[in-house]
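What follows is a set of notes on a single structure, which appears directly below.
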Amino acid sequence: MNHLLSIEQLDRADIERIVAQAERFAEVSDREIKKVPALRGRMVLNLFYEASTRTRSSFELAAKRLSADVVNFAASGSSVEKGESLKDTVLTLAAHKPDAIVLRTPWVGASELVACWCSAAVVNAGDGKHEHPTQALLDVYTLRRRLGALDGACIWIVGDVAHSRVARSDVLAFQRMGASVTVAGPPTLIPRGIEQLGCEVRYTLEELHRADVVYALRMQRERMSETWVPSLREYAAWYQVNARRLQPQQVLMHPGPVNRGVELSGEVVDSPQAVITQQVEAGVVVRMAVLYEVLAGPREPRAGAAPSSASSPQGEREAEAVLGGPAA
Amino acid sequence: MSAPAPLVGGQGEPAELLLRNVRALDPRASLDARHDVLVRRGEIAEIAAAGALEPAAIAGAGAHGGGVEVVEGEGRLVLAPGFFDPHVHLRTPGQEHKEDLDSGTRAAAAGGFCAVIAMPNTDPVLDSAPLLRSLRDAAARDARVPVGFLPAVTRGLEGRQLTEMAELRQQGALGFTDDGRPVADAGTLRKALQYQRLCGGVISLHEEDPTLSRGGAMHEGAVSAALGIAGIPAVAESTMVARDAALAGYEDARVHFQHLSVAASVEHVAEAKAHGFRVSAEVCPHHLLLTEEDVRTLDTRMKMYPPLATDGDRRALVEALRSGTIDCLASDHAPHAREEKEVPFEQAPMGSTGLETAFAALHTELVVPGVLALGLLVERLTAGAALFELPVPRIAVGEPANLALLDLDATWVAGEHGWESRSENCCFAGRRLRGRVLMTLAAGAVAHRLRPSGCDRALATVSA
C-alpha cells in the first residue's frame, strides 16, 4: 500500500493485515527497550493544519518507536499564515524529501491531493469531516482485543455524526469487519443520505440495549451556537450514554477528548466497560503498523496521473530495502 | 427612452462566403435540407438548391470566385443559426487573470455562439451607468462576438438597495441580475419587479435561499453524506423559484430563472407558466449531463453553483428542456485560474467553463444516443435571444450572418489542444466528444475558424 488515504479504499484483508502487524508491534511495546530499527533513516513529516495533540503525538511516538526521524510542522505560526497555498507548502516541504507525510487538514480530500503532488507516502490523519482512517483502524484493533472478532457484532455510533470524520471511517471499517452499524443522534446531526453507507439510522436511544458496542462521539460546544441542538442540557437528556442507558455487557468507546456530563456521564467513563484508554494505547501500535505498511510494505504501481518525479525516490526506497538499507 | 444598441462588439470584416452543399438547419423555419448559402457583405444574400451557386457566377467575384471564400459542405456539414448564450462570466473588469472580453468571446465563438450576455459579478460590480458605458466601449473594441450586459439588481450585489435601473437601461442594459447570489430579501426583489414597469428589462434570478445553502459545497444527498461535505439541499433552489414565480405573477413582472438544477424547480416553473406568468428558464449543459456522482472524486472542476444533483433531477431537466418548460440553454461559463481551482474541494471557487464544449457535449450525450433531436438542440441553443427581446439568429435571405458550421462526425478530446478561454476549469475536459464547431459567423463577420491542431479531419473540409 502506497498511502493510507481512507478506509473506503481498504478491504477486509488490508485491515486485517494492518491490525495483525499492530499486534506484533504491541509485543515490542511490552519489552524493556521499545524501539525497533524498522524505519531507521526514514523521515516522517507531521503536517497538521488543525490543532491536535493526541493524534500528532501518537504518530510521533509511533515513528520514533520504529526509529524514523520525525519533523513536526504546524500550520499556525508558519508560512501558511502568510497565505501560502496547501500545494506550495507541500512542494516546499517535499523538497526535504520526507518518506511519509502524516496530514491533518480541515478539508475533505486534501490527502489525495497531497499524494498527487509529491512522492512521499501520505497518511491521512483526518481530512475535514470526511475520514480519519487510523482512528478507525485503532478502534477495530481495540475491539478485536476485547471481543475476539467483530463478525456479527452490533455497534451503535451515537452523537454528532454530521461533523464526525471518525463516524464515517468507523461506519465503513466496522462493516468491512463483519459488524452491523447503527448511527443514532439528533436529526439535525445525522446527515441526509448516510444510510447509503450501509448503516441503520435511529433518532432515539430506545433500542440502544441491542448494541454489543456503544461508540459515543464528541459533542462539540460550538454546535450549540450554530443551533444544531437547542441546548447541551437537552442533548444530554436524550443522547447521553450513562449508567441508566448502558447495559453491563456492552463495550463503551469514545475517540476522545471526552466531555464528561455531555455525551458520556462520568460513571460510565470510569467503568470497566469503557475501553477509552485502551483506544489511546492502541493508537501508537496501529500507527506504527500503518507507517510500516506504507513505507516497508508491498508497493503498488502509481497511477498515471502522478508526476513523473514520483518514481525515482520510490525506486531508491526499493533498492534500499533489497540492500537492507544504508548502514543497517 | 432611446436606448443604444443592446449588443456591442464583434464588428469584424463583413464576410464574403459561399457555403456549398451544406445541410441548412433552422428549426424555426422548418428548414432542414441541402443548400448553397451565399453570404455577401456579412448578410445572407442567397439560399439556393445545393450545387446551384457556382463561385465563378457570383457577381463581383473573380473568375474562380476570388474575393468570396468557398466552403465545401459535402452535403454533410450542418449550417445552423449561431447560438446565443444568455449567461456567461467574462470577468472584466477586475478578474482579467481568469478571462477578459477578448478571450471570453473567442471561447464563445469557438463554441458556435454568435452573441453572449455577460454577468455583473465583476470587481467592481457592474452596478452603475459609468461602468456600463466604459464596459460597452471596451466590448466594442475587444469582443469577437457581440456582448450584452446585465447589470446588478442591487448595488454591490448586496441585496439591499436597487441600482439606478432606469439610467442603466438608457445606457444599454439588457436587464438585471445579481447572479452568483440570490436577491434573498423578497421585499427588495418585489420593488425591483415593480420598478421594471418604468424601465423594462428582464430580471434574471439566481435562485438560492442562503439560509438553506449556507456552508454547503455540493448537493445534499448520499454523496455529500459519504464525503462529509456540507450539502446544499434541493429546496434551497426550488423554494426560491416558487417564491419568485409567485412574486412575478403578483406584479405581472418578467423574470428569467437562471441555471435550474433540480426537478422541484422545474415543477414550479411549469406551474407558473400554466398560470400565464411571464417567466422563462434556462439550464446548463453540466446539469443535463453530470450528477452528484461526478463529484465523488472531488475534482474541483465539478464544483459549481447550483451543484450537480441526482440522476433523477438530471432526467427531469432533460425532459423539461424537451417539453419547453425550460426555454433555452446557457453555459454559465465561469472561468477560474488554475491556482484557484488547484486546492481542496471545499476551498475551491464555484464554476466551470462551458462555452467551448456546450454544443459538442450535448450533441454527444443527448443527440447521438437519440434522447433529443438535433433540431431541438439547435432551437434551445438559440432561443435565449428572444427571451431578452433580441432578434433570434435565423437562416433567411437578408438576415445578418449569424451562423455556426458544424461537423457532427468530428471526434475530439475536450481541451486536448488547449482552450480559447484563458481558464481551463472545464467539467468536460478530457472527454471524447462527437461534433465540432468548424466556423462561427457573428454579426456578419467570421468570428471563429477551427485551428489546424483542433481536428485534422475538419481541417481538410474547411479550406478556403
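So the protein lines, in turn, are chains F and Z. Quick note: the first sequence uses our numbering, first residue 997, plus one each step. Quick note: the second sequence uses our numbering, first residue 18, plus one each step. For each residue, glycine too, the CB sits at the ideal point set by N, CA and C. Predicted model, so just to flag it, every value in this text is computed and none were measured.
- Your pair G1174(F) and D1208(F) does not check out as a contact, with CB atoms roughly 12 Å apart and the cut at 8 Å.
- The C-alpha of R1229(F) lies about 16 Å from the C-alpha of L1201(F).
- Under the Cβ distance rule, A1106(F) counts among the residues neighbouring chain Z, one pair being separated by less than 7 Å.
- Of all residues in the region 1092-1104 of chain F, the ones placed with a Cβ closer than 9 Å to any Cβ belonging to chain Z are T1101, P1102, W1103 and V1104, in chain order.
- At a Cβ-Cβ threshold of 7 Å, T1130(F) and R1008(F) do not count as neighbours.
- Bounds of any alpha helix (DSSP H) do not take in G238(Z), whose DSSP letter is neither H nor E.
- Linking G341(Z) to R1172(F) through their CA atoms gives a straight-line distance of about 48 Å.
- Taking a cut-off of 8 Å for Cβ pairs, the region 199-207 of chain Z and the region 233-240 of chain Z do not touch, as fewer than three such pairs fall below it.
- Under the DSSP assignment, F1170(F) falls in the alpha helix (DSSP H) whose first and last residues are R1161 to R1172.
- Cβ-Cβ distances below 7 Å link A146(Z) to E181, E184, L185 and Q188 in the same chain, with the five nearest sequence neighbours on each side left out; the list follows chain order.
- At a C-beta separation below 7 Å, E359(Z) has these neighbours in chain F: K1083.
- Between the region 1052-1069 of chain F and the region 1275-1290 of chain F there are three or more inter-stretch CB-CB distances shorter than 8 Å, so the stretches are counted as touching.
- Under the Cβ criterion of 7 Å, E254(Z) is not counted among the residues facing chain F.
- Contact fails between the region 66-74 of chain Z and the region 389-409 of chain Z, because fewer than three Cβ pairs, one in each stretch, are under 8 Å apart.
- Think of a sphere of 9 Å around the beta carbon of S241(Z): the chain F residues whose beta carbon falls inside it are P1187, R1188 and G1189, in chain order.
- For L1193(F), the nearest CB of chain Z lies under 7 Å from its own CB, placing it at the interface with that chain.
- Listed along chain Z, the residues sitting closer than 7 Å to L1109(F) by beta-carbon distance are P361.
- The region 293-338 of chain Z contains, as complete beta strand (DSSP E) runs of 3+ residues, the segments 296-300 (chain order).
- Of the residues E1277(F), G1037(F) and V1271(F), the one whose Cα lies closest to the Cα of L1139(F) is V1271(F).
- Neighbourhood of G1144(F) in chain Z, by CB distance below 8 Å: empty, with the nearest CB roughly 30 Å away.
- By the rule that beta-carbons nearer than 7 Å mark a contact, R1198(F) does not touch chain Z.
- Contact with chain F is absent for G371(Z), since none of that chain's Cβ atoms lies less than 7 Å from the residue's Cβ.
- Within the region 1112-1137 of chain F, the residues whose Cβ lies closer than 7 Å to any Cβ of chain Z are, in chain order, G1124, K1125 and H1126.
- For L152(Z) against F130(Z), the beta-carbon gap comes to about 19 Å, at or over 8 Å, which does not count as contact.
- One finds nothing in chain Z with a Cβ atom closer than 7 Å to the Cβ of R1214(F); even the nearest lies about 15 Å away.
- The C-beta distance from L305(Z) to L338(Z) rounds to 7 Å, short enough to meet the 8 Å contact threshold.
- The shortest C-alpha to C-alpha distance from Y1045(F) to any of S1074(F), V1015(F), T1101(F) and M1039(F) is the one to T1101(F).
- Remark: C-beta atoms of H353(Z) and P361(Z) do not approach each other more closely than 7 Å.
- Between the alpha carbons of Q213(Z) and P227(Z) lies a distance of about 25 Å.
- In terms of CA proximity to Y1288(F), R1036(F) leads the group K1078(F), R1027(F) and R1036(F).
- Any Cβ of chain Z closer than 7 Å to the Cβ of R1172(F) would place that residue at the interface, and such an atom is absent.
- If the five residues before and after D328(Z) are omitted, its C-beta is found closer than 6 Å to the C-beta atoms of T308, all from its own chain and listed in chain order.
- For R1164(F), a Cβ of chain Z is located within less than 7 Å of the residue's own Cβ.
- When only Cα atoms are considered, P1253(F) and Q1275(F) end up about 12 Å apart.
- Scanning its chain for C-beta atoms nearer than 7 Å, with the 5 sequence neighbours on each side dropped, one finds around S230(Z) the residues I249 and A253, in chain order.
- For F193(Z), the uninterrupted beta strand (DSSP E) segment begins and ends at G192 to T194.
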